[in-house]
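Engineer: 10 is the number of the first residue of the first sequence in this note's numbering; add one for each residue after it. Each residue gets a CB set at the ideal place from its N, CA and C atoms; glycine is no exception. These numbers were taken from a predicted model, which means no experiment stands behind them.
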Amino acid sequence: MASRNMPSTNKRKRGKNEDLDAEKCKKSKLEPGGNSAKSTAENNNRFLNGLHILIISAGIQKFRFDIFKKQIIKYGGIYMEKFTDETSHIIVDEKMELDRLCRILKWDSIPTGVKIIKSLWLSGCLKDNNLNSSANFELDNQEFRVQSVKNDLLNDNVKVEPSTSNYSPKNEHSPTKDHSPKKDHSSKKAAYSDADSDYDEANDRALPASPKGHKHIPTEKWVCSAASSDKKKEIPNKNVIAKLEEMAKNYKNSADKWRSFGYQKAIAALKTYNKEITTYEDAVALRGVGKKLADKIWEIIQTGELRKLNEISSTDEAKTTNMFSDIWGVGATTARLWYTQGHRTLANLEKNANLNRQQKVGLRLYDDLKERMTREEAGKIEQYVKETAQKINPGLIAMACGSYRRGKQTCGDVDVLVTHPDGKSHKGVFQKLLHGLHETGFLTDDLVTQDDHSTQQKYLGVCKLPEEGSQHRRLDIIVVPHNELACALMYFTGSAHFNRSCRNLAIAKGMSLSEHSLNTGVIRSHGEKINKGTPLPTPTEESVFELLGIPYRSPQERDH
DNA sequence: AACCAGCATGT
DNA sequence: ACATGC
DNA sequence: GGTT
Ligand SMILES: O=c1ccn([C@H]2C[C@H](O)[C@@H](COP(=O)(O)OP(=O)(O)OP(=O)(O)O)O2)c(=O)[nH]1
Ligand SMILES: [Mg+2]
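1. In angstroms, rounded to a whole number, what distance separates the CA positions of Pro564 and Glu550?
2. With distance defined between alpha-carbon atoms, name the residue in Phe77, Glu255, Pro120 nearest to Leu129.
3. Is it buried or exposed for Gly536, if we count other Cβ within 10 angstroms and need 16 for buried?
4. When the distance is taken between beta carbons, is Lys441 closer than 8 Å to Ile401?
5. Comparing the CB of Tyr500 with every heavy atom of ligand 1, is any distance shorter than 7 Å?
6. Only counting runs of 4 or more residues, tell me where the alpha helix (DSSP H) segments fall wholly within the stretch 446-518, in order along the chain.
7. What number of angstroms, rounded off, separates the C-alpha of Ser37 from the C-alpha of Cys496?
8. Between the C-alpha atoms of Ser504 and Ile487, what's the straight-line distance to the nearest angstrom?
9. Could you have a look at Val531 and say whether DSSP puts it in helix, strand or coil?
10. Give a yes or no on whether the C-beta atoms belonging to Ile306 and Ile321 are separated by under 8 Å.
11. Can you give me the Cβ contacts of Glu476 inside the same chain, cut-off strictly under 6 Å, excluding the 5 residues immediately before and after it?
12. With 16 other CB atoms within 10 Å as the buried threshold, where does Ser526 fall?
13. According to the Cβ coordinates, are Ala387 and Asn262 closer than 8 Å?
14. Gly299: beta carbon under 7 Å from a heavy atom of ligand 2?
15. Which residues in the same chain have their Cβ closer than 6 Å to the Cβ of Ser183, if we skip the five residues on either side of it in sequence?
16. For ligand 2, I want to know if Ser504 counts as a neighbour, meaning its beta carbon is within less than 7 Å of at least one of the ligand's heavy atoms.
17. Excluding the 5 residues flanking His506 on each side, which residues of the same chain have their C-beta closer than 7 Å to its C-beta?
18. Mind checking whether the beta-carbon of Lys417 lies closer than 7 Å to any heavy atom of ligand 1?
19. Alpha carbon to alpha carbon, how far is Glu243 from Gln418?
20. Between which residues of its own chain and Thr1 is the CB-CB distance below 6 Å, once the five residues before and five after are set aside?
21. If you count every other CB in all the chains shown that lies within 10 Å of the CB of Asn138, and 16 or more means buried, which is it?
22. Contact check, Ile336 vs Asn248 under 8 Å by CB: the rounded distance?
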């Protein structure tokens, strides 16, 4: 990411890249949540002042990488996205070798005046709050460097594996992989071209790929119609899914959202593939599962464990940031900030960290809000909101969507949609409804709302049934105009994965789908919408499916 | 190397 | 602008 | 992370 760039001879390019760099610096200085007195004091010790530091990401975990980045800026250094002639320090992984570095940076030779230092140096500096000597961390002397570079260039085809010492995961994998092919993957891949109906990248592929003997391609060709409807007692690949979900969570909480996204997509593919995966080939044939994930899946199948996961999960960082991220209102950025500030426990957080209002609620109700409720309890909450709404106006429609509408046996929260058939009486409902729900003490805490309710579209809060032993539960309410009901229902029913699939399909068809409308004639340029397009009439959910060109799916079938 | 959904609210 | 969440 |  922050590497592969121009030879040292090049002056930096003007324009885009510089803007980006400047942008990044600005961003990182705006730390969320404010800082404690302690860290303010730390900020004054700008021991990295004037240093232009480039981190080579290869071999360095994203988690550490991001902390480095943030801390460099915090302590007065300049974080560099790419190598320029201003670069003073290059931070590399402990296992980095000079020839590899040269290839990464496309260097013919090593520039002078640049220190190439192992990352432990930076770790030490940050730990000691001091610019330590880098002598013990610099890579070997120059003559050696130049030579090794030359050798590489001569050899031309340098595929030198960086993993010289220690174990090499790849090598441990490949032999095992060879045991697997009990299958001839003759008709394995992609027999069908589902270009037209590519409604979910992961799922569309998953099904067609599975039937080795199934001649039927009938309607199941679109996972849309059959996908998640059947609840199984035995979930195939359960352990694999569990491990990958942990990986996804770890990466999410280390702010590597796209890596997490990749895992989640693979998980979705596995869930849709209703059979036990037994071979590497099985796994890699799934859309959304590439070689690296197939390797990991294979390892889990063979050993029941994933070393990479054990490695990550055993770290203090992962444990702590995962715990912090379970607080409502605390995401990856804040969790990691608190970690780098030295916080390790929830109790410590309460006393010493800087929490916003939502996070204080989240922390206070930590245990309750982590739990899912039974479907039955969710039904009672829906009913409570519905009755309160209809006391205000009997014509109001209120229904639980989300996991409840999809028929799940447990619900993480209750998502209530409110509208009115006359197309206008939904206005002003928030004010009255929230007042009604507060009045009885049903709502215990607000998380996201609006003071004057003038343009409010959603309410996120906490409620508690008036019953013995009831727990605090998350409640989401949206109020929508009746002409947006279909799209709002689609959105609020989900699942989130399902929504994103539909929206991806919409993009592919030159449309755009949101909770408000399905627009056509959308023009995008460089990923950005130039023209919002025009809303299509969508009287029913069915009409949305039809306009998207996919068969209707009941809520239960949208549980991806 | 770009893309991976689109939006509301809080700070 | 960014973080967080739906 | 994967796909295009
Ligand atoms: O990133 C998201 C999250 C949610 N939603 C939609 C789909 C989802 O079904 C609905 C409600 O969100 P919630 O987080 O409550 O998910 P859920 O499907 O109801 O699951 P849970 O049982 O955890 O509440 O909002 C999205 O479109 N994108
Ligand atoms: Mg929900």
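Structural biologist: Well, looking at it:
1. 10 Å
2. Phe77
3. exposed
4. yes
5. yes
6. 494-502, 505-517
7. Because Ser37 sits at a pLDDT of 31, beneath the cut-off of 50, its placement in the model cannot be relied upon, and the point is left open.
8. 16 Å
9. coil
10. no
11. none
12. buried
13. no
14. no
15. Here Ser183 scores only 32 on pLDDT, less than 50, and its place in the model is too uncertain to base an answer on.
16. no
17. Ala277, His569
18. yes
19. 16 Å
20. A query on residue 1 cannot be resolved here, the shown segment of the chain reaching from 10 to 569 and no further.
21. exposed
22. About 28 Å separates the two Cβ atoms, so there is no contact after all.
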